[in-house]
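Start counting at 1 in the sequence shown, then tack on 52, and there's your number in the working numbering.
Here the structure is laid out as structure tokens; the discussion comes afterwards.
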Amino acid sequence: MHNSYHRVGLGPHAVIVLHGWFGDAHAFAPMEAALDGGAFSYVFMDNRGYGGMRGAQGDYSMDEVARDALALADALGLATFSVVGHSMGGMALERLALLAPLRLRKLVAVAPVPSCGVMFDGAARQLFLDASGNKQARRTIIDRSTGGRLSATWLDWKAQYSWERSDPTAFARYFLAWSGTDFSEEIKAACVELPLLALVGEHDPRFDAALMRRTYLAWYPQARLEVLGNAGHYPMNETPLALAASIEAFLSAQ
């Protein structure tokens, strides 16, 4: 059985969208009204343990997410497709680039975790570990990752959204996967010749332009960077119209 998904558009250019740690297949909903369904067919996939895949067993690794995306593409008859990956979905996107480069058209990494993983100090690591069973810890992480500038009402909503749409065990194990996985040497050796757009929010304190220059822009010959104004780690919520426009301008370019 393939992963559950949410589809928007019936256009000829297929795009598989991989959500982040706090998301699911509907996490990009605020920007859906701006998507060109005549040109693109967006397939928003649930990771195991999220959304329609709650209760699904797995090892909750980035490799598994990538292989599940390939299996979904096969089930939908997508010979070639582009990939959008947000946050930990950006790391899974890189795994896909190693597994099936000839099937991929373009890559869009949104506030992505790079393939080298992320180092945390003791206090920060504990906060992230606590988040699987503590909604307030999730809210704190969301607040910090958006620059401490958004309303309390939205922070409460985002934490509740994540709480309701993910299994605690899967959530905990995905953190260990995206923070502790490192396949960056494979990426460097592969020298993936796919067009890649790294999109980051100007208020994202960790996944910022400097990190992108050290990783994606250094490792992908055809990578370029765009900084989204007035956004932090969740541009699909903070600046959905601008995010949709940036994604589609890149995917449409010859």
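Note that beta-carbon positions come from the ideal geometry of N, C-alpha and C, so glycine has one too.
These numbers were taken from a predicted model, which means no experiment stands behind them.
What's the C-alpha gap between A144 and V95? Answer to the nearest angstrom: the Cα atoms are 15 Å apart.
A91 in three-state terms, based on DSSP: Of the three classes helix, strand and coil, the one that applies to A91 here is coil, per DSSP.
According to the neighbour-count rule (16 or more other Cβ atoms, all chains shown, within 10 Å of its Cβ), is R265 buried or exposed? Note on R265: under 16 other CB atoms within 10 angstroms of its CB, so exposed under the neighbour-count rule.
Could you check if E146 is buried or exposed, using at least 16 other CB atoms within 10 Å of its CB as the buried criterion? With 16 or more other Cβ atoms from the protein chains shown falling within 10 Å of its own Cβ, E146 counts as buried.
According to DSSP, is F302 part of a helix, a strand, or is it coil? If DSSP states are grouped into helix, strand and coil, F302 belongs with the helices.
List the endpoints of the continuous alpha helix (DSSP H) containing L228. Following the DSSP letters along the chain, one finds L228 inside the alpha helix (DSSP H) bounded by residues P220 to G232.
Could you round the C-beta distance between G101 and Y112 to whole angstroms and report it? I think they count as a contact, below 8 Å. Here G101 really is in contact with Y112; their C-beta atoms are around 6 Å apart, less than 8 Å.
Who pairs with G253 in a beta bridge, going by DSSP? In DSSP, G253 forms a bridge with L280.
Going straight from the alpha carbon of F235 to that of S167, what length do you get? Their backbone Cα atoms lie some 6 Å apart in a straight line.
Please report how far the alpha carbon of F259 lies from the alpha carbon of S231, in whole angstroms. Near 12 Å, if we compare the C-alpha coordinates of S231 and F259.
With contact counted as at least three CB pairs below 8 Å, one residue from each stretch, are the region 215–229 and the region 244–251 in contact? When C-beta atoms of the region 215–229 are compared with those of the region 244–251, fewer than three pairs fall below 8 Å, so the two segments do not count as touching.
K210 vs L303 beta-carbon contact at 8 Å: No, the Cβ-Cβ distance between K210 and L303 is not below 8 Å.
Between the CA atoms of H255 and T267 - distance to the nearest angstrom: Our two residues, T267 and H255, have alpha carbons roughly 19 Å apart in a direct line.
Quick one: give me the first and last residue of the beta strand (DSSP E) that D137 is part of. Position check: residue 137 holds Gly in this sequence, whereas Asp was assumed. In the DSSP assignment, G137 falls within the beta strand (DSSP E) that extends over F133 to H138.
Note down, in chain order, each residue of its chain lying with its Cβ closer than 6 Å to the Cβ of M114, except the 5 sequence neighbours on either side. Closer than 6 Å at Cβ, skipping near neighbours: M143, A144, R147, A229 and T233.
Output the boundary residues of the beta strand (DSSP E) element that contains A161. Counting along the chain, the beta strand (DSSP E) containing A161 begins and ends at L156 to V162.
Reference A224, options Q178, P292 and A296, closest by Cα: Closest by alpha carbon: Q178.
Counting only the same chain and skipping the five closest in sequence on each side, list residues whose C-beta sits under 8 Å from that of A123. These residues qualify, in order along the chain: H54 and N55.
Cβ separation of H138 and G61, assumed to be a contact under 8 Å, to the nearest whole Å: G61 and H138 do not touch by the CB rule: their CB atoms are close to 18 Å apart, not below 8 Å.
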